[in-house]
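Here's the structure, in structure tokens; my notes come after.
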Amino acid sequence: MIKVIIADDHIIFRQGLLKLLQSATDIAVIGEAGEGHEGLDLIKKEKPDVAVLDISMPGLSGIEIVQGIKMLGLATNVIFLTMHNDLLTAKKAMQSNALGYVLKDDAFEDLLYAIRAVALGRTFISPSISEKILKSGNPKEIENRRLTEREQEVLRLIALGLTNKKIAEKLFISVKTVDTHRTRILQ
């Protein structure tokens, strides 16, 4: 059973999401919060497998919650469920160490898939954001910014669904080094 908490300041949206997630037999919503501080406190208390967070909330933003999770050394993986459909916000969100980025207008099945993938330490990015990433590159910029051999290796392992820890073990490097490569790949 995947333990999930939801933090979103829009109460009707949050309650609707709760109802939808209750239909999944392998997911248990163990708490919900309406603002950032409450969300981080809930994560500290309940230690969910996955936190589904809005980026823009009163108190702490979703990105600040991820920083708090990281500072506290918690094992909770994060999915941002947001209306921000732009590359800059998606890039900042993923660089914060979240593993998932889902748009509020994506299909519910995408969110279910994201929760299941992120619970296993895999990455999930909304199909429309992925498409924007692929279309965004100026061919000259892409040509000038090639990935190093090691970054390509890390990217291949991410694509295979390996966690940062598994990648570190496989390549005989630290998890922090994998995080650095992941950040550079997203740049």
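For the sequence shown, position 162 (counting from the first letter as 1) is numbered 146 according to my numbering, and the numbering increases by one without interruption.
Quick reminder that beta carbons are idealized off the backbone N, C-alpha and C, glycines included.
For residue i, is the classification buried or exposed, using 16 other Cβ atoms within 10 angstroms of its Cβ as the cut-off for buried?
i      : result
T66    : buried
M(-15) : exposed
A98    : buried
T132   : exposed
E153   : exposed
I(-5)  : exposed
T178   : For the chain, the structure presents residues -15 to 171; residue 178 sits outside this window and is missing.
D215   : The structure shown does not extend to residue 215, since the chain spans only -15 to 171, so no value can be given for it.
F156   : exposed
E127   : The predicted position of E127 is uncertain, since its pLDDT is 46 and thus under 50; a value taken from the coordinates is nonetheless stated next. Exposed is the call here.
A74    : buried
L253   : Here the chain comprises residues numbered -15 to 171, so residue 253 is not present and cannot be evaluated.
R140   : exposed
Using the DSSP secondary-structure output, state which residues sit across from residue i in a beta bridge.
i    : result
F108 : G84
N61  : V34
Suppose contacts are defined by Cβ-Cβ distances below 8 Å. Is residue i in contact with residue j by that definition?
i    : j     : result
I109 : A35   : no
V13  : L37   : no
L58  : I27   : yes
G18  : D(-7) : yes
A77  : Y85   : yes
L83  : R106  : yes
I20  : P42   : Reading the sequence as shown, one finds Gly at residue 20 and not Ile. Taking 8 Å as the Cβ cut-off, G20 and P42 qualify as a contacting pair.
Q79  : L170  : yes
What residue from the options has the CA that sits closest to residue i's CA?
i    : options                   : result
T147 : I169, L118 and V102       : V102
S45  : D163, A(-9) and I113      : A(-9)
R168 : D89, L104 and V138        : V138
E115 : L83, D70 and F156         : D70
D94  : G43, I113 and L144        : I113
R130 : G20, H165, H68 and T9     : H165
A8   : R100, R(-2) and Q79       : R100
K29  : Q6, I53, S40 and I39      : I53
K135 : V162, L144, G145 and S158 : Before going further, note that residue 135 is Glu rather than Lys in the sequence given. Selected option, being the one with the closest Cα: V162.
Check the Cβ-Cβ distances between residue i and every residue of chain C, and say whether any is below 8 Å.
i   : result
D10 : Annotation note: the requested chain C is absent from the structure, which comprises a single protein chain.
Is the stretch -2 to 11 touching the stretch 47 to 57 in the sense that three or more CB pairs, one from each, lie closer than 8 Å? Flag = no, the stretch 47 to 57 and the stretch -2 to 11 do not touch.
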